[in-house]
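*Asks:*
In our numbering, the protein residues as written are 11 to 685.
Put into structure tokens, the structure is as follows:
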């Protein structure tokens, strides 16, 4: 555990979400993170990143202050510059290295570096988004209140936390009417709203999505307490967020921001999506706390009138008021629960139900990795049943506690009908995407991925006869790129297009056609090409076969779950991602016809790294020469992903070829049960 010098909202949030032990302890392995990454909501990833980057900054400063490192804290270093400087200094200074080892902090430091590199995935997009928000704030205050430059103080987020705290106080004392990027501190707790507005006695936090959630209100509560503890009069608290618009109104690189004093008091948020952009009222209603109610209360009203339910939520026993938080962080050693976690079954159930603000999958994975590692990858229903169900179905329990495979008796016939000898030309493909919190091209909705890479492997009777790996440079992406992607995938002789989890690929193809239609309406894309893209895109989608359907259980009920997948592998724990299928093959050392290269041998090891490179390129952080080198590694990764699908199909054939053996093993284990 690495105790930081300052504590942020991210720490406070964790205390309102789960067991205190996890406020400062993160024990997720890279392997677990890789499995979880597929389900992330990217706008929430940015919000989390904003908090975590602040935490890392604080920890870096903690290392600097604790060791005699020649570091100019007044210089405006980027976070990565600070990390690289520290690495170089520590590697060259044996005394500091030995001191870190003696203090048992070397692993903490190396973990810090590793975590930051993972967070760099969206760092370029984060910086660009924040700059757009700052530009919008400056324009707003100059136009609305006729402020001059010398009335607006803009602080740099690159400076140290201590420096920013000092400069914020100095700016207030000097009488600035608006302070952008302030940092306030109260007894080790820091708050970093995007703006402090002295004119209206208000502040705003920055949100990376048009959707507001309960977590936004908790964040406002936290910041409000710190500002008022600094004896500042606060009459309103707002969220600064991007306006939701129809696709046809988005322009490349542009965002419109609005202030909202309201937020939805639910985990998933609320928005009047259909009405947005049609009237001025939409700016108000899209983020009302109570949905359709005519007289919703502002966030600050809920807080000041003690109408928050954060600290008395029925489905979780974890909560922490601001005053409790301050008491904790200034005397951590007095509270053993921050240093140890050995839950009983009731406490474990509470931790696993931590979903008041989000799905809690990161915390759930942390807990399970500590107390039930075999269930880290399990579906939530399976996890709940095996851990807490008193009247558990015996067949269900036996199936998942043993390595068994149940094969649907009709599957072989269905598979043969789908893939007969006359229809054996398959096109296997996979997309890797790129997204930013602002449109990459006209009519691209923020956060919506554009495919910037595809690998295509063509087989006839399961024999590879052609493969191509394409990279579409994000920095020069345009409407012609979307057309080219569809044409590259299309094959007039294809009997089927094979993907794993067709929802992603089908959606990208449909969105490409939709965007091309708008370009055509604006006379920026050829009508004949649009017709061709429609015909080819629709044909691809009509012929798509989803390999995930072979492994996906169709029932969650204990009574009917077992055998509800065509190929039901108990080791997958009622999940069916391609990564888990690949891990099953590797763990059991199966020698199939097509084998992938182990991901740990690749330079680009997972989807996050691929997305990181594409995002950095889209934000122009990777220049031409470096991009040329990176594309070679990206192609290897995406090609490996497509080969993994072919390997998954080989697994299906292997299981069917050994059906009698697997049926016998299943019958032996569950011989006394009627199936």
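We treat Cβ as the ideally placed atom computed from N, Cα and C, and that holds for glycine. Fair warning: this is a prediction, and the values are worked out from it, not measured in the lab.
Looking only at its own chain, which residues have a Cβ that is under 6 angstroms from the Cβ of residue 649, when we skip the five neighbours before and after it?
*Replies:* As a position in the chain shown, residue 649 is number 639, starting the count at 1. For residue 649, where only same-chain residues beyond five positions count, the Cβ hits under 6 angstroms are 465, 479.
*Asks:* Spell out a yes or no on whether the stretch 566-585 and the stretch 540-551 are touching, meaning 3 or more CB-CB pairs, one atom from each, closer than 8 angstroms.
*Replies:* The answer is no - the stretch 540-551 does not touch the stretch 566-585, with fewer than three Cβ pairs under 8 angstroms.
*Asks:* Mapping DSSP to helix, strand and coil, what is residue 246?
*Replies:* Against the chain shown, residue 246 aligns to sequence position 236. If DSSP states are grouped into helix, strand and coil, residue 246 belongs with the strands.
*Asks:* Between residue 491 and residue 482, which are expected to be in contact by the criterion C-beta below 8 angstroms, what is the C-beta distance as a whole number of angstroms?
*Replies:* Counting from 1 along the chain shown, the entry for residue 491 is found at position 481. Counting from 1 along the chain shown, the entry for residue 482 is found at position 472. Right, the Cβ-Cβ distance comes to about 5 angstroms (below 8 angstroms), so this counts as a contact.
*Asks:* Give the range of the beta strand (DSSP E) segment to which residue 479 is assigned.
*Replies:* Within the chain shown, residue 479 is the residue found at index 469, counting from 1. Residue 479 -> beta strand (DSSP E) spans 473-481.
*Asks:* Can you tell which of 373, 313, 314 has the C-alpha that lies nearest to the C-alpha of residue 328?
*Replies:* Along the chain shown, read from residue 1 onward, the residue named residue 328 stands at position 318. Minimum Cα distance to residue 328 is reached at 373.
*Asks:* Restricting to Cα atoms, I'd like to know which of 677, 558, 22, 25 is closest to residue 413.
*Replies:* What you label residue 413 is simply residue 403 of the chain shown in a count that begins at 1. Closest option to residue 413, Cα to Cα, is 677.
*Asks:* Quick check: the Cα distance between residue 29 and residue 568, rounded to an integer number of angstroms?
*Replies:* For the purposes of this step, residue 29 is taken as the residue at position 19 of the chain shown. For the purposes of this step, residue 568 is taken as the residue at position 558 of the chain shown. Rounded to the nearest angstrom, the two C-alpha atoms are 29 angstroms apart.
*Asks:* So is residue 26 buried or exposed if we call it buried at 16+ other beta carbons inside 10 Å?
*Replies:* Within the chain shown, residue 26 is the residue found at index 16, counting from 1. So residue 26 counts as buried.
*Asks:* Mind checking whether residue 463 and residue 441 have CB atoms under 8 angstroms apart?
*Replies:* The count along the chain shown starts at 1 and reaches residue 463 at position 453. The count along the chain shown starts at 1 and reaches residue 441 at position 431. Yes.
*Asks:* Any chance you could list the beta strand (DSSP E) runs of at least 3 consecutive residues sitting entirely within the stretch 498-558, in chain order?
*Replies:* Entirely contained in the stretch 498-558, the beta strand (DSSP E) runs reaching 3 residues are, in chain order, 506-509, 554-556.
*Asks:* Distance, Cα to Cα, residue 634 vs residue 444?
*Replies:* Stepping through the chain shown from its first residue, residue 634 is reached at position 624. Stepping through the chain shown from its first residue, residue 444 is reached at position 434. Each residue's alpha carbon lies about 17 angstroms from the other.
*Asks:* Within its chain, find whatever has a CB closer than 6 angstroms to the CB of residue 160; leave out the 5 residues flanking it on each side and keep chain order.
*Replies:* By 1-based counting over the chain shown, the position of residue 160 is 150. Closer than 6 angstroms at the Cβ level, and outside the excluded window around residue 160, lies no residue.
*Asks:* If we ignore side chains and look at the alpha-carbon of each, how far apart do residue 199 and residue 654 end up?
*Replies:* In the chain shown, the residue the question calls residue 199 occupies position 189. In the chain shown, the residue the question calls residue 654 occupies position 644. Cα to Cα, the separation comes out at about 47 angstroms.
*Asks:* In whole angstroms, what separates the C-alpha of residue 84 from that of residue 253?
*Replies:* Here the question's residue 84 lines up with position 74 in the chain shown. Here the question's residue 253 lines up with position 243 in the chain shown. Unreliable positioning characterises residue 84 in this predicted model, as indicated by a pLDDT of 48, which lies under 50. The coordinate reading is nonetheless provided below. Rounded to whole angstroms, residue 84 to residue 253 spans 36 angstroms at the Cα level.
*Asks:* Mind checking who residue 463 pairs with in its DSSP beta bridge?
*Replies:* Start at 1 with the first residue of the chain shown, and residue 463 comes out as number 453. Answer by DSSP bridge pairing, in chain order: 442, 481.
*Asks:* Taking 8 angstroms as the cut-off, does the stretch 405-412 touch the stretch 592-604 (at least 3 CB pairs, one atom from each stretch)?
*Replies:* With the cut-off at 8 angstroms, the stretch 592-604 and the stretch 405-412 do not touch.
*Asks:* For residue 269, name the three-state secondary structure that DSSP assigns.
*Replies:* Working through the chain shown from its first residue, we reach residue 269 at position 259. Reduced to three states, the DSSP call for residue 269 is strand.
*Asks:* By DSSP, does residue 207 sit in helix, in strand, or in coil?
*Replies:* As a working mapping, residue 207 is identified with position 197 in the chain shown. Here residue 207 sits in strand by DSSP.
*Asks:* Measure the Cβ-Cβ separation of residue 416 and residue 595 and say whether it is below 8 angstroms.
*Replies:* Taking the first residue of the chain shown as position 1, residue 416 is located at position 406. Taking the first residue of the chain shown as position 1, residue 595 is located at position 585. Cβ atoms of residue 416 and residue 595: not closer than 8 angstroms.
*Asks:* Say whether the stretch 426-439 touches the stretch 662-674, bearing in mind that this needs 3 or more beta-carbon pairs closer than 8 angstroms, one atom from each stretch.
*Replies:* Taking 8 angstroms as the limit for Cβ pairs, the verdict is that the stretch 662-674 does not touch the stretch 426-439.
*Asks:* Rounded to a whole number of angstroms, what is the C-alpha to C-alpha distance between residue 188 and residue 225?
*Replies:* One-based indexing of the chain shown puts residue 188 at position 178. One-based indexing of the chain shown puts residue 225 at position 215. The straight-line gap from Cα to Cα measures roughly 25 angstroms.
*Asks:* Is residue 516 closer than 8 angstroms to residue 551 when the C-beta atoms are compared?
*Replies:* Along the chain shown, read from residue 1 onward, the residue named residue 551 stands at position 541. Along the chain shown, read from residue 1 onward, the residue named residue 516 stands at position 506. Against a cut-off of 8 angstroms, the Cβ pair of residue 516 and residue 551 comes out as a contact.
*Asks:* Alpha carbon to alpha carbon, how far is residue 614 from residue 334? Give it in angstroms, no decimals.
*Replies:* Numbered from 1 along the chain shown, position 324 holds the residue referred to as residue 334. Numbered from 1 along the chain shown, position 604 holds the residue referred to as residue 614. Looking at the two C-alpha atoms, the distance is approximately 44 angstroms.
*Asks:* Could you name the residues that DSSP lists as bridge partners for residue 252?
*Replies:* To locate residue 252, count along the chain shown from 1; it is residue 242. The partner list for residue 252 (beta bridge, DSSP) reads 267.
*Asks:* Could you name the residues that DSSP lists as bridge partners for residue 201?
*Replies:* Locating residue 201 in the chain shown gives position 191, where the first residue counts as 1. The partner list for residue 201 (beta bridge, DSSP) reads 194.
*Asks:* Just to confirm the assignment, what range does the alpha helix (DSSP H) spanning residue 216 have?
*Replies:* By one-based count along the chain shown, residue 216 stands at place 206. Looking at the DSSP string, residue 216 is not in any alpha helix (DSSP H); the run it does join, the beta strand (DSSP E), is 212-216.
*Asks:* Classify residue 209: buried if its beta carbon has 16 or more other beta carbons within 10 angstroms, exposed otherwise.
*Replies:* Counting from 1 along the chain shown, the entry for residue 209 is found at position 199. Result: exposed.
*Asks:* Quick check on the burial criterion: 16 or more other C-beta atoms within 10 angstroms. Buried or exposed for residue 271?
*Replies:* Within the chain shown, residue 271 is the residue found at index 261, counting from 1. Buried: at least 16 other Cβ atoms inside 10 Å.
*Asks:* Quick test of your reading: residue 526 and residue 494, contact by CB under 8 angstroms. State the CB separation rounded to the nearest angstrom.
*Replies:* As a working mapping, residue 526 is identified with position 516 in the chain shown. As a working mapping, residue 494 is identified with position 484 in the chain shown. The pair is not a contact, with the Cβ atoms about 11 angstroms apart (cut-off 8 angstroms).
*Asks:* Using the Cα positions of residue 249 and residue 217, report the straight-line distance between them to the nearest angstrom.
*Replies:* Within the chain shown, numbered from 1, the residue matching residue 249 stands at position 239. Within the chain shown, numbered from 1, the residue matching residue 217 stands at position 207. Taking the straight line joining both Cα atoms gives about 7 angstroms.
*Asks:* Look at the alpha carbon of residue 192 and the alpha carbon of residue 215, and state the distance between them as a whole number of angstroms.
*Replies:* Translated into the one-based positions of the chain shown, residue 192 becomes position 182. Translated into the one-based positions of the chain shown, residue 215 becomes position 205. In a straight line, the C-alpha of residue 192 is about 11 angstroms away from that of residue 215.
*Asks:* Please determine, among 240, 624, 392, the residue with the shortest C-alpha to C-alpha distance to residue 411.
*Replies:* Locating residue 411 in the chain shown gives position 401, counting from the first residue. Nearest of 240, 624, 392 to residue 411, Cα basis: 392.
*Asks:* If you draw a straight line from the alpha carbon of residue 268 to that of residue 509, how long is it in whole angstroms?
*Replies:* Position 258 of the chain shown, counted from the first residue, corresponds to residue 268. Position 499 of the chain shown, counted from the first residue, corresponds to residue 509. Taking the straight line joining both Cα atoms gives about 40 angstroms.
*Asks:* In whole angstroms, what is the alpha-carbon distance linking residue 476 and residue 436?
*Replies:* Translated into positions along the chain shown, residue 476 becomes position 466. Translated into positions along the chain shown, residue 436 becomes position 426. The alpha-carbon atoms of residue 476 and residue 436 are separated by roughly 11 angstroms.
*Asks:* Determine, using beta carbons only, whether residue 163 and residue 143 come nearer to each other than 8 angstroms.
*Replies:* Counting from 1 along the chain shown, the entry for residue 163 is found at position 153. Counting from 1 along the chain shown, the entry for residue 143 is found at position 133. No; because the gap between Cβ atoms is not below 8 angstroms, this pair is not in contact.
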